[in-house]
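Novice: This is the structure I want to talk about, given as structure tokens.
4 protein chains.
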Amino acid sequence: MVILPKPNCTDGELNEITTLLETLGYSVHISKGVERTVIGAVGAPDADKAAAIQRLEALPQVDRVVPVLKPYKLVSRDFQPNNTVVRVGSVCFGDGSLSIMAGPCTVETPEQLLSTARAVKDAGAHVLRGGAYKPSTSPYGFQGLGEEGLRLLSEAREETGMPVITEVMDPRDVELVSAHADILQIGARSMTNFSLLKEVGAARRPVMLKRGMSSTIEEWLHAAEYLATHGNTEILLCERGIRTFETATRNTFDVNAIPVVQSLSHLPVVADPSHGTGRRALVAPVARAAVAAGADSVMVEVHPDPSSALKDGAQALTFADFRRLVPELRAVAAALGRPMAISD
Amino acid sequence: MVILPKPNCTDGELNEITTLLETLGYSVHISKGVERTVIGAVGAPDADKAAAIQRLEALPQVDRVVPVLKPYKLVSRDFQPNNTVVRVGSVCFGDGSLSIMAGPCTVETPEQLLSTARAVKDAGAHVLRGGAYKPSTSPYGFQGLGEEGLRLLSEAREETGMPVITEVMDPRDVELVSAHADILQIGARSMTNFSLLKEVGAARRPVMLKRGMSSTIEEWLHAAEYLATHGNTEILLCERGIRTFETATRNTFDVNAIPVVQSLSHLPVVADPSHGTGRRALVAPVARAAVAAGADSVMVEVHPDPSSALKDGAQALTFADFRRLVPELRAVAAALGRPMAISD
Amino acid sequence: MVILPKPNCTDGELNEITTLLETLGYSVHISKGVERTVIGAVGAPDADKAAAIQRLEALPQVDRVVPVLKPYKLVSRDFQPNNTVVRVGSVCFGDGSLSIMAGPCTVETPEQLLSTARAVKDAGAHVLRGGAYKPSTSPYGFQGLGEEGLRLLSEAREETGMPVITEVMDPRDVELVSAHADILQIGARSMTNFSLLKEVGAARRPVMLKRGMSSTIEEWLHAAEYLATHGNTEILLCERGIRTFETATRNTFDVNAIPVVQSLSHLPVVADPSHGTGRRALVAPVARAAVAAGADSVMVEVHPDPSSALKDGAQALTFADFRRLVPELRAVAAALGRPMAISD
Amino acid sequence: MVILPKPNCTDGELNEITTLLETLGYSVHISKGVERTVIGAVGAPDADKAAAIQRLEALPQVDRVVPVLKPYKLVSRDFQPNNTVVRVGSVCFGDGSLSIMAGPCTVETPEQLLSTARAVKDAGAHVLRGGAYKPSTSPYGFQGLGEEGLRLLSEAREETGMPVITEVMDPRDVELVSAHADILQIGARSMTNFSLLKEVGAARRPVMLKRGMSSTIEEWLHAAEYLATHGNTEILLCERGIRTFETATRNTFDVNAIPVVQSLSHLPVVADPSHGTGRRALVAPVARAAVAAGADSVMVEVHPDPSSALKDGAQALTFADFRRLVPELRAVAAALGRPMAISD
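The listed protein sequences correspond, in order, to chains A, B, C and D. Take the position in the first sequence, starting the count at 1, then add 49; the result is the number in this note's numbering. Take the position in the second sequence, starting the count at 1, then add 49; the result is the number in this note's numbering. Take the position in the third sequence, starting the count at 1, then add 49; the result is the number in this note's numbering. Take the position in the fourth sequence, starting the count at 1, then add 49; the result is the number in this note's numbering.
Here it is, written out as structure tokens:
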């Protein structure tokens, strides 16, 4: 790391810094310029770095500490140069193909789920999404069907052959949800729920980790590192929009994040234009954009009748909308030399 | 609520809107202007409103839905005009007095905790803070002493007589933490952990709810409403800074939020200038500002030797810093006619 | 508009509101619900609305004022349903074709500009960009060659036949810049420079208006309305990234804004992925995304030797980068049924 | 500065970096760690740094460049350790005293301005504010009385003896506005209007520079450096709220910025809680907070009848509000040992 002392730092204060660095196991190089001094410190093992940085920052004579190494490791492309490929049935994420995940925001009834599952499969979707446990900002909002919803998802998989992705919100539910889901979803509101990350990290199921609505890309990769250090490396990273000052859309879909994450990490990237925009009319153009930017997969919300949806109908595509979208995504992918993923 | 149809909405489409509203139990008033039509809807019971708004927003001919009533109730000043006063031992929050909570970010050792507890009590603190379970962005960071940390906090309370506040991060730990803490803290990263909110809502302990780092004030009050609907109305709301584009400070302390929350809610407001700034030198001026803006309580981090702290030493006050701060806060409060809270 | 009085508003206070509304020329409809009252006001002429809203908001008994009509008019799709097509030589913006604008951030030398102009033209660019007046955050930074840079741009146009776009920063320079440029650019830092907007509005030159780095889409359209009310309706709107908390990129390219603006306005939309990302490696994927989202044109920075560039070399494409990018953009456009624009 | 090459940087690529550094006049120190290499570069003169950083960032093998020195100089406390004291008549800014600037948002009529001037002077204000040229987001909004407004301000000064502050928006108006104003105001929307900064920098009048609504503190100090390098060092820095995701207030008043700026710069700091909150009821608590945080001066908007104001009535204090506020600010200042400024 690099330590920048304050401009008026005395020799005695400089010594305090180097003494602390040496105590922490670093070797120290000092460069004295005309106006400022720069301290380089190299050599200490990984696990101590975050604490070391905090201790150095706490010294009053230190202006800034600049870390040199990335703070995450297992999920980093420096550590593993080749793409991770996550396989769920015959669908591959990260092998260059484009896959589509679709389904209702929330599992409401057997008919609603099954009709949607059939419609999205017929139109070309690879994975069925649907929420059984729903995070709700308001305690008065619909919180999902819970275990009953999970059972309906299992039935829809049996009926259609599509793998199923659904959210888990509570560390106590990981085992139950794993019994029904092919991919566990960690929602944006749970990205910093470290207890949940640890439990899902210990599960033997691929996991899709949504970016928190105000999380930096670095924090998102830290959260993925939690999963990896607890044993789960089958991780999909899902960009779903970040919170900004703009109020014309529900969130600001951070399309930059797709190539940034692909350069920093070997993990596949999923785009969620439904939450990324919050408005039906914007889902198709932003889904196309995500594919053009290189997303490995796109997840969209579809409902048989959005105006009767219990949640987020404003961003749900109709069946007809979805049937129009799939060939557009296929065409954009093909233009860039990418095939569609293979369904079962 | 008020519904604004799109400009070119036909009479048939208007009828669909009013039919849906009537189905949902609303009575409907239509005002046709020269350029636009406005639909007013009144009368449906509380619990259906969020879902109703979402269903209306999902209609393609609807441009916007404007809620009229606030989406939270129990925590709202419309519902309860008088301040809630939360009592913890002899310390009162919300009665006009100013209280101070202080202690280390993290419980590290018996000596570190006890020496800090004694120092802050002597200087005028009312409540001892200290983390036993620590949210850590990185899986390699220090995660706290856990149960051992709780025991040390209990011992510090016995020794000094100060009530104790500490964070609970996992719904499975609520019972254990409640056995040791006088106030349960819900951290910023947990504000949308709805499973945790429900468990803490069912606990019989006052709770301090930190604002999420990208939560609007409305979402923060929604989270408080979760606690209240599950039975716990002894809630302190803690402003601890929000995430903005500014990088000179760790967070941007939202001083506006103090009077805004006091106008919208009857709950006491705590300010956390340590996290709100992230830098020792800024803690005192921002703590004074929070008191001048009307905060009921101030919480600050104090450490015997910040450069040896395992976490967040850069924002920890030394004992000497804290001894200088307390009389400043007392003077600002007195200037505005407010006494200090009473210690045991 | 809709006025929401405070919950405890008395009849006398309601009367004050309706009296003010009637004085301002509105007819008033009152809906009294069980818990809240809603006032609808229709009929006053356009120009008074903003002031009327401000006067109503200033009444202490008013909780909120909700405007119903959009605050801009000439640039709105409600006012003009069909796309505006801006023609610059044989290049059309807004007719469904995709055009590409390319060139150096800053005009540095005759050789640098001419070699870049030839290279981008050969590779398929339609318009040459280059800055003669450069906004520089620091007074010590390079501020451009000024009039000499304009002359070099004119020479490059003569030599290559490509129309030229360049920024004007000062209302006193509009005439001079108009003598050399085919399209006037208003930069992000100037979007709220209302004196400049008025002068450029009075110029007889197409104009590209960049979105301010923290401007909402509504504010951006307000700025375009300034141009239109002063007589200039040949406006291109350029999304160039907004400021958010994310620091991995220079800005966050707001891909949502492309379809949002196209739904709200009839004006063509240009994407600037160079400023939208700030990093060379991200320019191509985000440029492709912008085309897939429906942008009418893409503007990118290209330099013969980025590491010798006087400004923004980190986001400049090399000639080879640009030659790889053009066929990708052409392929994405073709996949969505869109041809390239026609060059002279 | 410190240069961090990419992890896989070859020796040949390292050489390219050091060659460029040496060409630019730097001496170079290389520290090779086990995993990463760090390059320190010291010694080149001030004016080349920004360009040097940009050129280094443009090298593909460079991961990051970390500047060591602050990019501004004349306004920095490193350059001038003692506070600048700006004198306007008998009012001093920066000498430890607290001053108050008050008046209407906009000059509307002689009566409106004079009655307000008298009222705020009687209540204890030191400087009269009032806008003659008004930035208006919408072209249909009120743009101020212009020169007539300036004349009314001059008359109000003669009548009351109070110095006058008013905004200048256009570089062509600097001379005229300087003939009437004691302090020139540069508004938030003009902070990056570099032509204006240069003209005002050349004027012989104290200037108050408002922070741009999405400007970092560093960018704000850069803008002040423009004024200083053009000759004007009588600069007041005005925090007026920044743009964030929070919509409950017009802006988020960044109270942290007050002590941050005071540590980085020797210039006095003014707080504008009227724009910082946008709501009358929040102005007093946030004004008190600003004083408690150490602001040298507070500027507030006052109107004889806010609901008839042509602009921003919602944030205007009434005369009675202002009379209540002044003693509160005086009491907070006194509690911290600070006197009020001296009026003429």
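Idealized CB from N, CA, C, for every residue including glycine.
Taking only beta carbons into account, state which residues of the region 345 to 361 of chain A come closer than 9 Å to chain B, listed in chain order.
Specialist: For the region 345 to 361 of chain A, which is checked against every Cβ of chain B, the residues closer than 9 Å are H352, D354, P355, S356, S357, A358, L359, K360, D361.
Novice: Helix, strand or coil: which one does DSSP assign to D/L399?
Specialist: It is not possible to answer for residue 399 of chain D, since the shown part of chain D is limited to 50 through 393.
Novice: In three-state terms, what does DSSP make of D/A96?
Specialist: For the purposes of this step, residue 96 of chain D is identified with residue 47 of the fourth sequence, where counting begins at 1. Bear in mind that the predicted position of D/A96 carries a pLDDT of just 49, short of 50, making it unreliable; the figure below should be weighed with that in mind. Helix at D/A96.
Novice: For C/D303, which beta-bridge partners are listed by DSSP?
Specialist: Residue mapping note: residue 303 of chain C aligns to position 254 of the third sequence, counting from 1. In the DSSP output, where bridge partners are listed per residue, C/D303 has A/D303.
Novice: Step through the CB atoms of chain A and report whether any lies within less than 7 Å of the CB of C/E157.
Specialist: Position 108 of the third sequence holds residue 157 of chain C. Not one chain A Cβ lies under 7 Å of C/E157.
Novice: Taking only the alpha-carbon atoms, compute the straight-line gap between A/A384 and C/A384 and give it to the nearest angstrom.
Specialist: If you number the first sequence from 1, residue 384 of chain A lands on position 335. If you number the third sequence from 1, residue 384 of chain C lands on position 335. Near 6 Å, if we compare the C-alpha coordinates of C/A384 and A/A384.
Novice: Let me make sure I understand the geometry here. Which of D/I102, D/P120, D/L70 has the alpha-carbon closest to that of D/E268?
Specialist: Taking the fourth sequence and counting its residues from 1, one reaches residue 268 of chain D at position 219. With distances taken between Cα atoms, D/E268 lies closest to D/P120.
Novice: State yes or no: is the beta carbon of D/G179 nearer than 7 Å to at least one beta carbon in chain B?
Specialist: Within the fourth sequence, numbered from 1, the residue matching residue 179 of chain D stands at position 130. By this cut-off, D/G179 is not an interface position.
Novice: By Cβ distance below 6 Å, which residues in the same chain neighbour A/G89 in space, the five residues on each side in sequence not counted?
Specialist: The count along the first sequence starts at 1 and reaches residue 89 of chain A at position 40. Closer than 6 Å at the Cβ level, and outside the excluded window around A/G89, lie V51, H78.
Novice: If we cut at 7 Å on Cβ distances, does B/G193 have a partner in chain A?
Specialist: Your numbering for residue 193 of chain B matches position 144 in the second sequence. B/G193 does not count as touching chain A.
Novice: Show which residues of chain A have a CB atom less than 8 Å away from the CB atom of D/S80.
Specialist: Within the fourth sequence, numbered from 1, the residue matching residue 80 of chain D stands at position 31. Per Cβ cutoff of 8 Å: H78, G89, V91.
Novice: Listed in chain order, which residues of the region 332 to 344 of chain C have Cβ atoms closer than 8 Å to some Cβ of chain A?
Specialist: Going along the region 332 to 344 of chain C in chain order, one finds P334, V335, R337, A338, A339, V340, A341, A342, G343 with a Cβ nearer than 8 Å to chain A.
Novice: Applying the 10 Å Cβ sphere with the 16-neighbour rule, what's the burial state of C/K81?
Specialist: In the third sequence, residue 81 of chain C corresponds to position 32, counting from 1. C/K81 is exposed by the Cβ-count criterion.
Novice: Using a C-beta cutoff of 7 Å, does C/S263 count as contacting chain G?
Specialist: Given the protein chain composition of this structure (A, B, C and D), no chain G is represented.
Novice: If you draw a straight line from the C-alpha of A/A99 to the C-alpha of A/V318, how long is it?
Specialist: Residue 99 of chain A sits at position 50 when you count from the first residue of the first sequence. Residue 318 of chain A sits at position 269 when you count from the first residue of the first sequence. Taking the straight line joining both Cα atoms gives about 27 Å.
Novice: Assess, as a yes-or-no matter, whether the region 304 to 311 of chain C is touched by the region 331 to 349 of chain C under the definition of 3 or more beta carbon pairs within less than 8 Å.
Specialist: They touch, by the three-pair rule.
Novice: Put C/L147 into one of helix, strand or coil per three-state DSSP.
Specialist: Mapped onto the third sequence, residue 147 of chain C falls at position 98. In the structure shown, C/L147 sits in a strand (DSSP, three-state: E or B).
Novice: State yes or no: is the beta carbon of D/N132 nearer than 7 Å to at least one beta carbon in chain B?
Specialist: The residue labelled residue 132 of chain D in the question sits at position 83 within the fourth sequence. No, no contact with chain B.
Novice: Is C/L285 near C/V310, with beta carbons less than 7 Å apart?
Specialist: On the third sequence, position 236 is the one that residue 285 of chain C refers to. On the third sequence, position 261 is the one that residue 310 of chain C refers to. No; because the gap between Cβ atoms is not below 7 Å, this pair is not in contact.
Novice: If you compare alpha carbons, which of D/P220, D/V335, D/D354, D/V381 is closest to D/C154?
Specialist: By 1-based counting over the fourth sequence, the position of residue 154 of chain D is 105. That would be D/D354, whose Cα lies nearest to the Cα of D/C154.
Novice: Specify, as a first and last residue, the run of the beta strand (DSSP E) that D/S80 falls within.
Specialist: The residue you call residue 80 of chain D lines up with position 31 of the fourth sequence. Here the beta strand (DSSP E) through D/S80 covers 76 to 81.
Novice: Report yes if the C-beta distance between B/H229 and B/A251 is below 7 Å; otherwise report no.
Specialist: Here the question's residue 229 of chain B lines up with position 180 in the second sequence. Here the question's residue 251 of chain B lines up with position 202 in the second sequence. For B/H229 and B/A251, no; Cβs fall outside 7 Å.
Novice: Listed in chain order, which residues of the region 293 to 315 of chain C have Cβ atoms closer than 8 Å to some Cβ of chain B?
Specialist: Going along the region 293 to 315 of chain C in chain order, one finds T293, F294, T296 with a Cβ nearer than 8 Å to chain B.
Novice: Would a check of beta-carbon distances place D/I149 closer than 7 Å to chain B?
Specialist: Reading the fourth sequence from its first residue, position 100 is the one you call residue 149 of chain D. Answer no: the Cβ-Cβ gap between D/I149 and chain B never drops below 7 Å.
Novice: Check the Cβ of B/G190 against every Cβ in chain A and list those closer than 8 Å, keeping chain order.
Specialist: Position 141 of the second sequence holds residue 190 of chain B. Per Cβ cutoff of 8 Å: A99, A100.
Novice: Quick check on the DSSP output: the beta strand (DSSP E) that includes B/E350 runs from which residue to which?
Specialist: Counting from 1 along the second sequence, the entry for residue 350 of chain B is found at position 301. 346 to 350 is the span of the beta strand (DSSP E), which, as asked, contains B/E350.
Novice: Determine whether the Cβ of D/V381 lies closer than 7 Å to any Cβ atom of chain B.
Specialist: Indexing the fourth sequence from 1 puts residue 381 of chain D at position 332. Closer than 7 Å: yes.
Novice: Applying a beta-carbon distance threshold of less than 7 Å, which residues of chain A neighbour D/E84?
Specialist: Numbered from its first residue, the fourth sequence carries residue 84 of chain D at position 35. Going along chain A in sequence order, the residues near D/E84 (Cβ under 7 Å) are L118.
Novice: Terminal residues of the continuous beta strand (DSSP E) containing B/R253?
Specialist: Counting from 1 along the second sequence, the entry for residue 253 of chain B is found at position 204. Per DSSP, B/R253 belongs to no beta strand (DSSP E) and is neither H nor E.
Novice: If you draw a straight line from the alpha carbon of D/L233 to that of A/S125, how long is it in whole angstroms?
Specialist: If you number the fourth sequence from 1, residue 233 of chain D lands on position 184. If you number the first sequence from 1, residue 125 of chain A lands on position 76. Approximately 52 Å between the Cα atoms of the pair.
Novice: Along the alpha helix (DSSP H) that carries D/Q161, what are the first and last residues, could you check?
Specialist: Working through the fourth sequence from its first residue, we reach residue 161 of chain D at position 112. Taken as a continuous stretch (DSSP letters only), the alpha helix (DSSP H) holding D/Q161 covers 159 to 172.
Novice: Can you give me the Cβ contacts of B/K247 inside the same chain, cut-off strictly under 8 Å, excluding the 5 residues immediately before and after it?
Specialist: Walking along the second sequence from the start, residue 247 of chain B turns up at place 198. Result list for B/K247: P220, Y275, H279, in chain order.
Novice: Under a CB-based cut-off of 7 Å, is A/P56 close to chain D?
Specialist: Locating residue 56 of chain A in the first sequence gives position 7, counting from the first residue. So, interface residue.
Novice: By DSSP, does B/V217 sit in helix, in strand, or in coil?
Specialist: As a first step, residue 217 of chain B is located in the second sequence; it is residue number 168 there, counting from the start. Coil, per DSSP.
Novice: Might you give, ordered along the chain, the residues of its own chain that have their beta carbon closer than 8 Å to the beta carbon of C/E295, omitting 5 neighbours on each side?
Specialist: The count along the third sequence starts at 1 and reaches residue 295 of chain C at position 246. T301.
Novice: So is D/L286 in contact with chain A if we call contact Cβ pairs under 7 Å?
Specialist: Here residue 286 of chain D refers to the residue found at position 237 when the fourth sequence is read from its first residue. Not one chain A Cβ lies under 7 Å of D/L286.
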